[in-house]
Amino acid sequence: MIRAHKIRLNPTEEQKNYFARAAGIARFVWNWALAEWDRQYQAGEKPTALKLKKHFNEIRREQFPWTWEVTKNASDQPFLDLGKAFTAFFEGKARRPKFKSKKRSKPSFYLANDQMEVGDHRVWIPKLGWVNLAENLRFKGKVTGARVTRTADWWFISITVEVPDSQSTKRPTAIGIDVGLNRLATLSTGEGVENQAFLKTALKKLRQANKRLHRRVKGSKNREKARRQVARLHSQITCMRDDVLHKLTTKLANCYGIVGVEDLNLKGLLKNRKLARSFSDAALGKLLNLLTTKVEQRGGQVIQVGRFFPSSKTCHACSWKWENMKLSDRIFLCQNPECAYYQFSQDRDHNAGLNILREALRLIGLIDRVVSGTGSDADVNSAVDLT
């Protein structure tokens, strides 16, 4: 199993300059290789990453001697990355590779495992030396490589490590999750996780910072300072959001073996002009991706319920459906006189979570394990024990 640990670097000014030059060389080589690929393709040739790399090395010492000032991986890896990008494009999995901009692309460069060494709170980089790490490497195993990237004013290194496959522990419990905007997630146990809306909270600061940015003269040092301030604000928002998502998904993956979630049409939701920013701020897509990855790593499974399943409109006890339910109706009232929850006020999202749990268990053939009936046993078990 390959695991990655992203660690913040604490470089000196000299080391920052080295990182910037290495990232610039990696970007230059990518753009050169892409331009050469297009030229050969238009000439009727069949370009490959290895051919481009061989041609570049033939003219490198004469035309681009400054590329030797940093680690050789900065100029070697872009060819392999471009080859993978075109392979994904030809298979219909990604868009066609584009040229990288100095202002808009994310600065980064690759380090092979034979070009680096990880020590105690430090990492060794060729032609630079030891660079301080904010923390020690979390995983123990064979280091397969690393990639150095810059976010705002901070440099990070993501180290990939080959670790033994962990033995999965069966967790005989299941849970349903209803995600939304008012509450980020509502569990079938009744527990709710509030949507912190970090972007919405920081909008005033972002507007002020962007105003300062656009009032500065282009190319001036003050404009660069203002740009870095905007980048830092966006980075802080992202870090706070990721912290909430990682803690929530780790907790669910450690506690439950079967997790039922909705199959959301995220692209369709983002087309709603009134709610697009709120959906982006909640990062529901990243929440579901992290949850799926972590649950499967621990031997569990995530069951996606169809997006047209009426989880909010259906009573979890008797399956009565509220056809005319509106988005503003936050309390679910069952109108079936024979139901134990007749005219009983239920939280809309909690009811949806219970329905998602029931539907997820039905999809995998475990619906008979759900307790149902009348009175106090009418609702689905909030966290079903499957033992």
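Using the numbering used here, you'd call the opening residue of the sequence shown number 6 and step up by one each time.
For each residue, glycine too, the CB sits at the ideal point set by N, CA and C.
Closest in alpha carbon position to N356, among L368, I369 and K326, is K326. Within the model, the alpha-carbon separation for D170 versus T255 is close to 18 Å. For the pair of segments examined, the segment 74-82 was found to touch the segment 130-141: the number of CB pairs separated by less than 8 Å reaches three. If you check the CB distance, G311 and D268 come in under 8 Å. Between the beta-carbon of R303 and that of A258 there is about 5 Å, and that keeps the pair under the 8 Å contact cut. Beta-bridge partners assigned by DSSP to F337: Q351. One Cα belongs to K209, the other to H60, and the distance between them is close to 51 Å.
Q82 and A40 have their alpha carbons spaced roughly 16 Å apart. Sequence-distant Cβ neighbours of A288 in its own chain, meaning closer than 7 Å and more than five residues away, are R246 and L250. For the pair D183 and T319, the Cα-to-Cα distance works out to about 13 Å.
Across the structure, L204 and V307 are spaced so that their CA atoms are roughly 28 Å apart. Annotated three-state conformation of F144 is coil, per DSSP.
Note on Y346: 16 or more other CB atoms within 10 angstroms of its CB, so buried under the neighbour-count rule. With fewer than three CB-CB distances shorter than 8 Å, the segment 326-337 does not count as touching the segment 273-290.
Put simply, the segment 34-53 touches the segment 86-106. At least three CB pairs are less than 8 Å apart. When the beta-carbon positions are compared, D125 and N141 come within less than 8 Å of each other.
DSSP places D248 in the uninterrupted alpha helix (DSSP H) bounded by K226 to C260.
The alpha-carbon of P16 is positioned some 21 Å away from that of S110. By the CB criterion at 8 Å, I361 and V300 fall outside the cutoff.
With fewer than 16 other Cβ atoms inside 10 Å of its own Cβ, C244 counts as exposed.
In the DSSP assignment, I369 falls outside any alpha helix (DSSP H) and carries neither an H nor an E. Look at F104 here: in three-state DSSP terms it is coil, with no helix or strand label. Taking a cut-off of 8 Å for Cβ pairs, the segment 115-125 and the segment 191-200 do not touch, as fewer than three such pairs fall below it. Check the Cα spacing between A79 and each of K56, F24 and K51: the tightest is with F24.
Collapsing the DSSP output to three states places S113 in a strand. In its chain, beyond the 5 residues on either side, F203, L204 and A207 have a beta carbon closer than 8 Å to the beta carbon of I242. For the pair R188 and N200, the CB atoms are nearer than the 8 Å cut-off. If you ignore the 5 residues before and after L274, its C-beta comes within less than 6 Å of the C-beta of F284, all in its own chain and listed in chain order. Beta-bridge partners of E167 (DSSP): I7 and K147. The shortest C-alpha to C-alpha distance from N62 to any of K51, A48, A38 and Q47 is the one to A38. Here F337 is buried. Its C-beta has 16 or more other C-beta atoms within 10 Å. The three-state reading of DSSP puts E343 in coil, since its state is none of H, G, I, E or B. A distance below 6 Å between beta-carbons, with the five flanking residues on each side excluded, links A31 to the following residues of its chain, in chain order: A79, P83 and F114. Closest by C-alpha distance to F104, out of F313, L253 and F33, is F33.
The secondary-structure analysis by DSSP pairs R188 across a beta bridge with E199. Here G265 carries a strand assignment [DSSP, helix/strand/coil].
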